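Report on the structure given below.
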Amino acid sequence: MAHLLQRRAFALCLATGALPALGVNEAMSTPALWKALRSGGHVLLIRHAFAPGTFDPPGFKLDDCSTQRNLSEEGRQQARRLGELLRSRQVLIGQVLSSQWCRCIDTAQLAFGSDKVTPQASLSSPTQSSPEQRIRNTEAVRQQINTYAASNSGRAANLVMVTHMFNIQDITGEGVAEGEILIVKGLGTDSKLAPRVLGRIATA
Numbered sequence: 128m129a130h131l132l133q134r135r136a137f138a139l140c141l142a143t144g145a146l147p148a149l150g151v152n153e154a155m156s157t158p159a160l161w162k163a164l165r166s167g168g169h170v171l172l173i174r175h176a177f178a179p180g181t182f183d184p185p186g187f188k189l190d191d192c193s194t195q196r197n198l199s200e201e202g203r204q205q206a207r208r209l210g211e212l213l214r215s216r217q218v219l220i221g222q223v224l225s226s227q228w229c230r231c232i233d234t235a236q237l238a239f240g241s242d243k244v245t246p247q248a249s250l251s252s253p254t255q256s257s258p259e260q261r262i263r264n265t266e267a268v269r270q271q272i273n274t275y276a277a278s279n280s281g282r283a284a285n286l287v288m289v290t291h292m293f294n295i296q297d298i299t300g301e302g303v304a305e306g307e308i309l310i311v312k313g314l315g316t317d318s319k320l321a322p323r324v325l326g327r328i329a330t331a
């Protein structure tokens, strides 16, 4: 249903000429947000692109993509559009970190290139973690965001983290659709402090 609503909203924007030809729903973005991204020092939290279903099949293996829930062809196209949009807006991307799950790695590689992506355990799905490990992972990622914001303010590059819905909710307190980007900025060095969400970009 969420995907259907996104596509209907996208079709309406196309009919009114509100979107560029890339096919990206930018209803929540602003010129100021794009300007901030071009200034650098921000973190792009991205939920993986469309992957039909909910959880992974029983007995799945991290080192075998065929056993996991994966991107559909629609999701692969969505990931490519995501990368095209950021390039068209002249947003410079620095390091690209990803969950170890195949649907996240594929999203990152299709959007930014296979040679730029580094898997990171703390971004992986919390469904396989203990409650204690989930908290440690959330705090580790928040610390990365805070440190990046503190050390890269005013520089051109932005940090990308491709991960899962539950992780983004844990980190920011906000929900996110598949293929959606949350632009965040750290508020300090406290790993328990959620970063500030500056805006979001939803890809159709």
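Residue numbers (my numbering): 128 to 331.
Ideal placement from N, C-alpha and C gives every residue a C-beta, glycine not left out.
As the structure is a computational prediction, the values presented were derived from the model and not from experiment.
Distance between residue j and residue i (C-alpha atoms, nearest Å)
i	j	result
V303	T290	11 Å
G210	Q260	31 Å
A176	A163	24 Å
W390	L314	Nothing about residue 390 can be read from this structure; the chain reaches only from 128 to 331.
S318	V311	14 Å
A206	A238	5 Å
C229	G167	28 Å
M155	G300	Bear in mind that the predicted position of M155 carries a pLDDT of just 40, short of 50, making it unreliable; the figure below should be weighed with that in mind. C-alpha separation (whole angstroms): 18 Å.
C231	I298	17 Å
E305	L325	18 Å
L224	Q296	18 Å
L309	A235	15 Å
T181	N279	36 Å
G89	E200	As displayed, the chain neither begins before 128 nor continues past 331, which places residue 89 out of reach and without an answer.
I262	D242	30 Å
P258	V244	27 Å
Cβ pair residue i, residue j closer than 8 Å
i	j	result
P184	T194	yes
E307	R323	no
L286	V170	yes
A159	I220	no
M292	I173	no
T316	A277	yes
V218	R269	no
Integer-rounded CB distance, given that residue j should sit under 8 Å from residue i
i	j	result
L250	N294	6 Å
A248	Q227	6 Å
S256	N264	7 Å
T330	R203	So it is not a contact: roughly 12 Å between Cβ atoms.
From the options, residue whose alpha carbon lies closest to that of residue i
i	options	result
R216	A331, I298, T157	T157
F187	T330, P246, T245, T254	T254
D190	L309, N279, P258, P246	P246
C192	E201, T181, D233	D233
*If we count Cβ pairs, one from each stretch, closer than 8 Å, do we get three or more for the segment 203-218 versus the segment 263-277?*
no
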